[in-house]
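S.K.:
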Amino acid sequence: MKYVGLNYSIVEAKDAVVSALDHGFLYGMGLFETFRTYGGAPFLLQRHLKRLAYGCAQLGIPFEPDEALLLKWIREVMDRSQLEEAYIRYTVTAGEDILGLPAGEYKQPSHLLYIKELPLHPESLYSEGKGLQLLKQRRNTPEGPVRLKSLHYMNNILAKRELAGYGSAKSGAEGLMLTERGEIAEGIVSNVFFVSKNKLCTPDIGTGILPGITREIVIELAAEAGLRVEEGYYTWEQLQSADEVFLTNSVQEIVPVTALWDENKAAGISGGRCGRYTGQLMTLYRERTVLAK
139 MKYVGLNYSI
149 VEAKDAVVSA
159 LDHGFLYGMG
169 LFETFRTYGG
179 APFLLQRHLK
189 RLAYGCAQLG
199 IPFEPDEALL
209 LKWIREVMDR
219 SQLEEAYIRY
229 TVTAGEDILG
239 LPAGEYKQPS
249 HLLYIKELPL
259 HPESLYSEGK
269 GLQLLKQRRN
279 TPEGPVRLKS
289 LHYMNNILAK
299 RELAGYGSAK
309 SGAEGLMLTE
319 RGEIAEGIVS
329 NVFFVSKNKL
339 CTPDIGTGIL
349 PGITREIVIE
359 LAAEAGLRVE
369 EGYYTWEQLQ
379 SADEVFLTNS
389 VQEIVPVTAL
399 WDENKAAGIS
409 GGRCGRYTGQ
419 LMTLYRERTV
429 LAK
């Protein structure tokens with residue numbers, strides 16, 4: 139990544155700096171959205187900006203979504219980087235403030251665009267799926283009433299380091315965190331779904347998970363696939379007995395899970411292939427991306 143967007147300008151990555159007094163650096167007071175393009179256009183940008191605006195309001199960071207301005211800035215960074223398709227991370231930090239904990243609102247946030255080439259995933263990922271590794275690292279509770287996509291990422295990094303110690307990581311498995319009560323929460327970078335007897339189940343927001351944008355879309359699409367949706371509190375054992383399991387995030391879309399790993403033992407799911415309902419949801423989701431181009 140040679141260029142970074144900084145406060146609506148474009149600078150070389152080596153020159154992209156924020157103040158040592160930025161509260162994003164000092165206290166993790168900042169948020170980000172990760173999304174991708176289809177046909178060069180960011181997908182579901184309005185939804186990402188809505189979530190970002192909600193989070194900024196909770197943190198006292200002034201933020202007024204300007205979709206047209208952001209689209210122009212994204213296009214400029216993509217053009218400078220000579221990218222047709224891109225992985226995009228848009229970050230808003232609290233900006234400079236006192237060394238200490240402020241009680242008031244922030245005044246001047248920093249805006250950053252990190253844009254890189256869209257990672258290519260083999261089509262076999264969507265037919266043969268990946269593994270899901272049960273982790274000992276528990277999902278921490280949100281700092282506020284609902285988890286924000288904030289700069290507090292130590293929990294995820296610790297989970298990623300644990301995952302690296304398992305044999306399943308060599309085949310690209312995702313790690314699964316449970317809550318302190320032992321309920322299914324979410325993956326390190328994904329939301330989790332499973333299908334059981336024509337019912338689509340996913341952990342409730344009350345488990346402390348991030349309310350993912352792709353998760354939101356999948357819930358909306360479920361009826362078209364003939365599934366009723368239940369958001370609830372589930373155990374690892376329920377996941378093991380599911381008919382199908384899949385993961386969602388904004389870059390990889392919908393990814394089947396075909397093996398569940400506990401320590402270094404694996405149990406197959408859905409015959410080691412993408413399940414029927416997972417495939418239907420994948421098709422419906424991709425139809426949305428085509429319409430958005």
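Under this note's numbering, residues 139 to 431 are what the sequence shown spells out, in order.
Note that CB positions come from ideal geometry on N, CA and C, so glycine has one too.
Got a sec, what are the start and stop residues for the alpha helix (DSSP H) T90 sits in?
M.R.: Here the chain has residues from 139 to 431 only, and residue 90 is not among them.
S.K.: Given this structure, state the Cα-to-Cα distance separating E202 from A151, to the nearest angstrom.
M.R.: Near 26 Å, if we compare the C-alpha coordinates of A151 and E202.
S.K.: Below 8 Å, how does it come out for the region 385-395 and the region 329-346: are there three or more Cβ pairs, yes or no?
M.R.: Yes, the region 385-395 touches the region 329-346.
S.K.: For V356, is the classification buried or exposed, using 16 other Cβ atoms within 10 angstroms of its Cβ as the cut-off for buried?
M.R.: Counting Cβ neighbours within 10 Å, V356 comes out buried, since at least 16 surround it.
S.K.: How far does the beta strand (DSSP E) with Y415 in it reach, from first residue to last?
M.R.: Where Y415 is concerned, there is no enclosing beta strand (DSSP E), although the alpha helix (DSSP H) it sits in stretches over R414 to A430.
S.K.: Nearest CA to the CA of V428: which residue from S248, T396, L377 and G178?
M.R.: It is G178.
S.K.: From the DSSP output, read off the bridge partner residues of N278.
M.R.: Beta-bridge pairing links N278 to no other residue.
S.K.: Answer yes if the region 271-290 comes into contact with the region 252-259, meaning at least three C-beta pairs across the two stretches below 8 Å, and no otherwise.
M.R.: Verdict: no, contact absent.
S.K.: Are the beta-carbon atoms belonging to R227 and F170 less than 8 Å from one another?
M.R.: Yes, the Cβ-Cβ distance between R227 and F170 is below 8 Å.
S.K.: Rounded to whole angstroms, what's the CA-CA distance from L286 to V327? Just pull it up for me.
M.R.: Each residue's alpha carbon lies about 13 Å from the other.
S.K.: Using DSSP bridges, identify the partner residues of W374.
M.R.: Paired residues: none, contrary to the question.
S.K.: Going by alpha carbons, who is nearest to P200 out of L221, L182, A232 and H186?
M.R.: Taking only the C-alpha atoms, the option nearest P200 is A232.
S.K.: Kindly confirm or deny that the region 263-273 and the region 409-418 touch, where touching means at least three C-beta pairs closer than 8 Å.
M.R.: Yes, the region 263-273 is in contact with the region 409-418.
S.K.: Check I322 in the structure and name its three-state DSSP category.
M.R.: In this structure, I322 counts as strand in the three-state DSSP scheme.
S.K.: Pop quiz: H161 and Y244 are said to be a contact at Cβ under 8 Å. What is the actual Cβ separation, rounded to whole angstroms?
M.R.: Right, the Cβ-Cβ distance comes to about 7 Å (below 8 Å), so this counts as a contact.
S.K.: Can you give the beta carbon distance from V156 to S248, rounded, assuming they're within the 8 Å contact cut?
M.R.: Rounded, the Cβ-Cβ distance is 5 Å, consistent with contact.
S.K.: So, with DSSP's three-state summary, where would you put Q271?
M.R.: Strand at Q271.
S.K.: CA-CA distance, Y176 and A430?
M.R.: If you take the alpha carbons of Y176 and A430, they lie about 8 Å apart.
S.K.: Express the C-alpha separation of G305 and S334 in angstroms, rounding to a whole number.
M.R.: Each residue's alpha carbon lies about 28 Å from the other.
S.K.: Use the C-beta contact count for D235: other C-beta atoms within 10 angstroms, 16 or more gives buried, fewer gives exposed.
M.R.: Counting Cβ neighbours within 10 Å, D235 comes out buried, since at least 16 surround it.
S.K.: L213 lies in the alpha helix (DSSP H); which residues open and close that run?
M.R.: As written in the sequence, residue 213 is Arg, which differs from the Leu given in the question. E205 to R218 is the span of the alpha helix (DSSP H), which, as asked, contains R213.
S.K.: On a Cα-Cα basis, can you pick out the residue from G313, N329, T352 and W374 that is closest to R319?
M.R.: Nearest of G313, N329, T352 and W374 to R319, Cα basis: W374.
S.K.: Looking at G346: is its Cβ nearer than 8 Å to the Cβ of P280?
M.R.: The answer is yes: Cβ separation under 8 Å.
S.K.: For E222, which residues of its own chain have a beta-carbon under 7 Å away from its beta-carbon, when the five flanking residues on both sides are left out?
M.R.: G178, listed in sequence order.
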